[in-house]
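Numbering of the sequence shown is given in our numbering, commencing with residue 19 and proceeding in unit increments. Note that CB positions come from ideal geometry on N, CA and C, so glycine has one too. Source: prediction; values computed, not measured. Reading through the structure tokens given below for one structure.
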Amino acid sequence: MDVDMDWFCGENSTDFDYFQWDLDSTVYNMCFVDLLSAGIQTVFLVLTSLLLLIVGCCTSFRRYSSKTLIQFPGHDIRWVVFFVLWVVLLAGLAEGIVTDLTRHAGSTQPHLYVPAIASFVTLPVAMVYYHHMECWQLPHMSWLLLLYWVAAAGGEAVKTVDMIDQGLDYTILRLDVAIASLVLYTINILVELTIIFTKICGCCGYEEPIPHRDLRKNDMYFYHEYVNLPSRISFWWLNWLLKTGYEKDLELPDLGKLSEDEGAKHHYELFSKAYEKEKIRAEKKGQVPSIWRTFMTAYGKVMAWAGLLKFVGDSLGFISPVALGGVVSYATVQYYGSPDSSTEHEDPFVTITEFFTNGFVLVAVMFLASAARLATLQYHYFLVIRESVHARAAIQTFVYEKSLHLSSWTISSGEMTMGQITNHMSVDANTLLYFFQTVHYIWSVPYQIAVILLLLYLELGYAALIGSSVILLTAPIQAVIGTAMSRVQKGTLKYSDDRLKKSNELLQGMKLLKLYGWEEIFCSAIQEVRLKEIKKMFRGGMLMVATMGVVQSTPIIVTLVSFGLYPYLYNTPLTPEVAFSSVALFNQLNIPLMLVPMVIGFTVNTMVSVRRLRKFFIAAEIEGKEDGRPRFKWGTGIDYKGDLDEDDVMTKEKDMNSSGDVQVNGHSPFKSPEVFPEVKVKDKRAPRKYRISGDFETHEQEITLDEMPSGMSDEVAIKITNGGFSWESDSSEPYLSNINIEIPTGKLTMVAGLVGSGKSSLLSAMLGEMVTVSGNVLYNKDQSKVSYGAQKAWLQNNTLRDNILFGEPYDGNRYQSVVEACALQPDIDILPAGDMTEIGEKGINLSGGQKQRISVARSIYSNSDIVILDDPLSALDVHVGKQLFQEGIIKLLIGANRTVVLVTHQLQYLQHADKVIVVDDGKIKRQGTLDEIKTTDPELYAQWEETINLTDDGDEERDDEEEKETVEKERAKLKKQISLKEGEEKGKDASKGDLIKKEERETGSVSLHIYMAYLKALRIPAAIAIIVLSALAIAATAVTSFWLSAWSEAGANSTNATTEEIKEDLVYYLSGYAILSVTSICLGVIGMTFNTVFSFRAAQRIHNALLYNIVHAPLRFFDTTPVGRILNRFSNDTQLIDQRLSQTLIYLVRILFYLLTAIIVNVIAVPPFIAFIIPVAVVYYFIQRFFITTSRELQRLDNINKSPVFAHFSETLGGLSTIRAYRDERRFRRKLVNAINTSNTAFLYFQTANRWLGVRLDFVGCFVVLLSGIGCMLSSVLGSLEPSLVGLSLSYSLSMTAYLNWLVRQVADTETQMNSIERVEYYTNVANEKYGGKIKPPAKWPSEGDIQIEQLSARYDTELDPVLRNVTIRFRKGEKIGICGRTGSGKSSLTLSLFRMIDSFAGRILIDGIDISEVPLITLRSRLAIIPQDPVLFTGSIRFNLDPLGVTSDDEIWEALEIAQLKSVVMELDGKLDSNVSEGGENFSVGQRQLFCLARAFLRKTRILVMDEATASVDMQTDAILQSIVATAFADRTVLTIAHRVATIVDSDTILVLSDGKVIEYDTPQNLLSQEDSVFASLVKGST
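As structure tokens, this is what we get:
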């Protein structure tokens, strides 16, 4: 049978002449086999297209749309096989075309390439078909795929048999392609059978997977694990985020939540299990647990997989430089011709060698290798960055968990400061983050260097080895520089820590510093440390310049030596293929050499951080002894599984739609085998009811209690037997000794004693905060839930209501009862949003009394059996304290049979105690009822009576009826206020209660103003010089490349040259190359030096401007701005400006010039390249613009959401004893986990968006290589382009791939890092106080102390209501004025106005006749003295805390300490006046701290002294002594005293009573007490 198949088999083909259906005409007929293969592909193409069209358009699936899918078995294997098969088919297509062009000149045989075209087109359709099969969850569609794979494999098998029959071997590429295709089709058959057996037949015990819980959450958008492999590799699934960010400014809710596997809870559990396992191993071997081993156990598998990808990517990177040499060789042959170019080909098909020496093929190979390399590396980066985020989250939660159990002494002793512990959360966690991202460079850099040197040896022989010896010579230099950099880095960190520590203290004590006029002193101290830090960083910067100089010059020197020796060693001129292949390899050597110092630096820093973390992880913890209270989870292996998030518990309604289908992101494309069971949280706690009197309702609370040793009577709540307690675990002598007490159940036990006697320590021992040296503490297991009010009230940055509720459910009646009992309702009425008003950081916007009452209210509201209160009454006004005691403690607590342990200095309340414990010198001096103590120690009782009588002097006798009438009037007035407020409550805007302003966040691109701000700090002439030097360095590099091109071209044309001519050319070109290379290096080093010098100067200017402005900001700024937010500017933002911004900017400039150079080189080489590059540039522009818009906002969200993590951590550290007492660690832990997850959401999306960009720009870069290569090949074949220019053009094109990516990365990094300048600039422009003055008062002003206030009105902010209203009053010189009034009346505001701390918008204040508004602010504040309500001590010596200016003698300091009753305390210390004060003064009691502040004021010796509740935290006996001393020591000075204890001011010359910012009474105490309707009289009476 004669069939005309010339159209397919080619002209003059005889394959179908006399065709018969036998083996010879079919199986052994190549054209027939190719026709069969093409037919199979075509049929499947038609069938799959029709099936997709029918199912997708004519069924309900056309409405299906989901961003996720549930993967079939073998999903990833199938896609990998798809990709490999597609590349093999592409090779087959290229082989067919090359064979046709080289073996059949003048005619064509389509059968050589048409089947490959069909396969190449059909395979992507098969991929699309499979993708929809998974999306639609229709496994039966796999039958058609199976049929296709079998048919295609059959076709390839027949083709293989035919070629083997022809005697072809493995050197023939066509046979290799057929065999490879057969193997890959077979693998697809196996995968397809797996799906059929499992999904359709249900074999192999396969169960239909239930969709992951992540897929059932409508706000989980991080789909990475729930999309197909191509989408994961290309990050296509992230398109929704880029689109959203391009259309609008991103907000945090737009990002949704991360998947559970990305959450902090999951990775805490992972790390914790690994650490517990490591602890067991270490304990067996007597070692310290290794954090390195822990990381290997927790994250080793994923990191190993990432390492494999890194290895593959790095290996693929060697292909392009080698292929470049082949391309240039091919161009040389095409340009100059070859003697054997007309040789007949013996083989009927292209051989492997022939195929891979074809220039066009090699260009395609370079394109594919680059694309594959960059895809694997981008996915590697994604994996290591994601794991680094996981590791950071694990470390942060682990550090937090450890902190919850940390021994109190560890912090208070200064062994570990709060700043150091916070550094574990920030610095050390981030160091590990960066280490995870760079860890694979440790082996990758040596691997790349070794392979590159091997390839250079194969290219240049021994010349390359000799040249490469330069690397060995520079290694010691780099080692020395690296060691020096490590030392400098440690020094820098030391100064950075010191600076941040001082900055933190400055911010924490800002109110006191301003009151004393010391802000300039502390500002100067910080600037001194900053200068030392800058000097260290400058040394490090210059060492980095030296490193970069060595790194950048090494490849150039190696190239110079190698190219110079090559002609001498081999007597062969340098040719383009050798030169540019070697240059490409030398360029690749640049990156690993540049990475060496970075890797060393990260490794050194990580080792330091790991050592610090290891020390912290094994630090002493509080004891975990079972004492009968609800169990606190001990150790570091806390199970977070019990701490469910809100969305952890899911219901059927959320999981299922009405038809019972599984809901996946709102869609139900397939049926579930069973309904998802409702997740139930099993609560193992035994229920128990609590009783509370008054308006409180019964509330159930469930807790877990272990069995306790029996023997405790129900009448005893707490029992301490033979107790000896110490703060230090290794202390030889206990701080508390011989403690034997029983706290009666349901009774009031009061603890009394002098300042420093051990009262608070006794409570700490009860709470398990101290180390038990002997004896034990036991709680009655049936009455063991504790609430605690610390001596220094600890509040959260939350609403007032939430501070009281403290995690308890809201009960309106109970809540209102507590609020009224604690006298909080009038305060709530004053607040702008009532009890929904936000309380500032550490309660900064509340008075000491308000903070303490909220703390007590929290303790009362809590459903606890035992309430432990540490001296809460000292901070309260007398009548408020009396109300709280009577209504709160006696009525609500004792009335409900709740056990109360109360430390107090208010001895008048001892008569109400069921038991009194007297503590003295760490021992129980007396205990029993008041009558028993009166009997056993009449001397002590007499002292108490004398002290009580002393405080009651001036009280007038009043009968019970009159007292009752006064109290009723106050209550009626209070009820009226409440009722009025309730009527207004509906219209109250809760947003008014937001004291803490939302952190400022700019939107859109960074404004030009911000860039100009940095340039001004840098100095514009310096910036221009840096840019010019960078441009000249890049230009010198380009000229060097052209010189090399000319050199190699001369070598290619030197066939007929004499030896002398060759040597002359070598000397000429080598010397020129050397001069240009040295010039390029020098210009680069000079540019980097300029950049280093001026950028550090700019950083110093920026920091000092920020510091100066913050220090001089008004006090209101600190009330409304969390310290953590300000500190973030001095830490994260400053660190970024110091170390990264300048480097990013210089790299951006150099990359821009390099890309411009690359384009110019390509256009010179191939002028039509400009036509190709324009559309590429347009695509590039739109990609980068699309990306930067989103990237910028993600970075801003990331910056903003870092602060809450550290703010919560800092807040927790400040309230550890309270949290532990309440056993409330779970709630706080959950809050931290949520904060970390929120922070990581923006960060992980930002990093993933970078990978999204990287993949696309890498592809653009690869496309540039392809266009450049094809253009060069065509020009070379046409004889219009020299081979050397081919090499030059392609070498620049190859490097453009990386630089295009880096350009957008640097642009994005520049914008995001300029955000730090933006944030710093915002605070640098905050309005300042008016420090200047019109007049300079005399040196001894005020000499009299006369104060005249005229029609004064003042407010805390221009937007707030006045706190003082038209006050007119005069305080005469030497007068003692007592100021009283209830909380919020304006007492403290009046004294603050004397110091110009608040805005006096009307009226004036005259001191000795001088208007204080015209006096320089520092002068004014330095001429007054104040003892503030909140005692503040700074880290340093006692001497520094009392006299930071160093202007007083030791004798004067000792005298002040003696007056303040502290001389004996300081004398007992080893260092006396030079003894160290720990952070916040934690190594002294609160009372002692207040006495130090008293001594500090005494040293000032001014004519005017303000005492703002200065003795609130000392006992009454000490207070009485101090009042007597003050009266004597300041007899001739004006003293303004604000006191909670009205009795302490009854001896004043005059009394000022304020209410609502107005003066309501001002007279002598005698006159006021004689008036029946006097408010002062009622206050005195209320204190009795």
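What residue range does the beta strand (DSSP E) around residue i cover?
i, result
"Gln945", "Lys941 to Gly946"
"Ala1372", "Ile1365 to Arg1373"
"Thr855", "First-last for Thr855: undefined, no H or E at that position."
"Ser792", "Val789 to Tyr797"
"Arg1388", "Leu1382 to Phe1389"
"Asp938", "Lys933 to Asp938"
"Glu1579", "Lys1576 to Asp1581"
"Leu1570", "Thr1568 to Ser1573"
Following the continuous alpha helix (DSSP H) through residue i, name the residue where it begins and the one where it ends.
i, result
"Gly343", "Ile337 to Tyr354"
"Ala811", "Segment: none, Ala811 is in no alpha helix (DSSP H) and carries neither H nor E."
"Ile213", "Leu191 to Ile213"
Could you tell me the distance, in whole angstroms, from the CA atom of residue i to the CA atom of residue j?
i, j, result
"Phe903", "Ser444", "43 Å"
"Val936", "Glu963", "15 Å"
"Asn1585", "Ala1515", "31 Å"
"Val106", "Val195", "6 Å"
"Lys994", "Thr922", "Residue placement at Lys994 cannot be trusted, given a pLDDT of 30 that sits under 50; what the coordinates show is reported in the next sentence. One C-alpha to the other measures close to 33 Å."
"Phe604", "Val1046", "26 Å"
"Ala1053", "Tyr1165", "15 Å"
"Gln466", "Phe454", "19 Å"
"Gln809", "Lys519", "25 Å"
"Pro1434", "Glu405", "56 Å"
For residue i, collect the residues of the same chain with a Cβ closer than 8 Å to its Cβ; drop the 5 residues on either side in sequence, then sort them by chain order.
i, result
"Asn522", "Gly437, Val1141 and Leu1145"
"Thr262", "Leu268, Asp272 and Thr1208"
"Thr178", "Leu193, Ala196, Ile197 and Leu200"
So, for residue i: in the same chain, excluding its five sequence neighbours on each side, which residues have a beta-carbon less than 6 Å away from its beta-carbon?
i, result
"Asp52", "His129 and Pro133"
"Ser55", "Pro133 and Gly173"
"Ala1049", "Phe1171"
"Cys1511", "Ile1445 and Pro1449"
In the DSSP output, what is residue i paired with across the bridge?
i, result
"Val1422", "At residue 1422 the sequence reads Arg, which differs from the Val that was named. Paired residues: Glu1368."
"Ile1556", "Ile1397 and Asp1526"
"Leu920", "Met768 and Leu887"
"Pro10", "Outside the displayed range of the chain (19 to 1602) lies residue 10, so it cannot be described from this structure."
"Asn1642", "In the structure as shown, the chain starts at 19 and stops at 1602, and residue 1642 therefore has no counterpart that could be examined."
"Phe743", "Leu754 and Thr790"
Should residue i be flagged as near chain C, meaning a C-beta pair shorter than 8 Å?
i, result
"Tyr959", "Annotation note: the requested chain C is absent from the structure, which comprises a single protein chain."
Can you list, in chain order, the residues of its chain with a C-beta nearer than 7 Å to that of residue i? Leave out the 5 residues immediately preceding and following it.
i, result
"Thr1058", "Tyr1091, Leu1094, Ser1095 and Ser1098"
"Val245", "Thr86, Leu87 and Trp255"
Between residue i and the ligand FAD, is there a pair consisting of the residue's CB and a ligand heavy atom that are separated by less than 7 Å?
i, result
"Arg1214", "With respect to the ligand FAD, the structure shown offers nothing to examine, as it has no ligands at all."
Segment contact, 8 Å Cβ cut-off, at least three pairs: the segment 1293-1310 with the segment 1118-1127: Between the segment 1293-1310 and the segment 1118-1127 there are fewer than three C-beta pairs closer than 8 Å, too few to call the two in contact.
Touch test, the segment 1567-1578 against the segment 1378-1396, Cβ-Cβ under 8 Å, three pairs minimum: Counting Cβ pairs under 8 Å, three or more are found: they touch.
At least three beta-carbon pairs within less than 8 Å, the segment 500-513 to the segment 1412-1425: Look at the beta carbons and you see the segment 500-513 not touching the segment 1412-1425: under three pairs across the two are nearer than 8 Å.
Contact the segment 1429-1444 vs the segment 535-551: 3+ CB pairs below 8 Å: Touching, yes, given that three or more Cβ pairs across the two stretches are closer than 8 Å.
At least 3 beta-carbon pairs within less than 8 Å: the segment 807-823 vs the segment 836-855: Yes: the two stretches touch, three or more of their Cβ pairs being nearer than 8 Å.
Three-pair Cβ contact test at 8 Å for the segment 904-915 versus the segment 831-850: Output reads yes: the segment 831-850 touches the segment 904-915.
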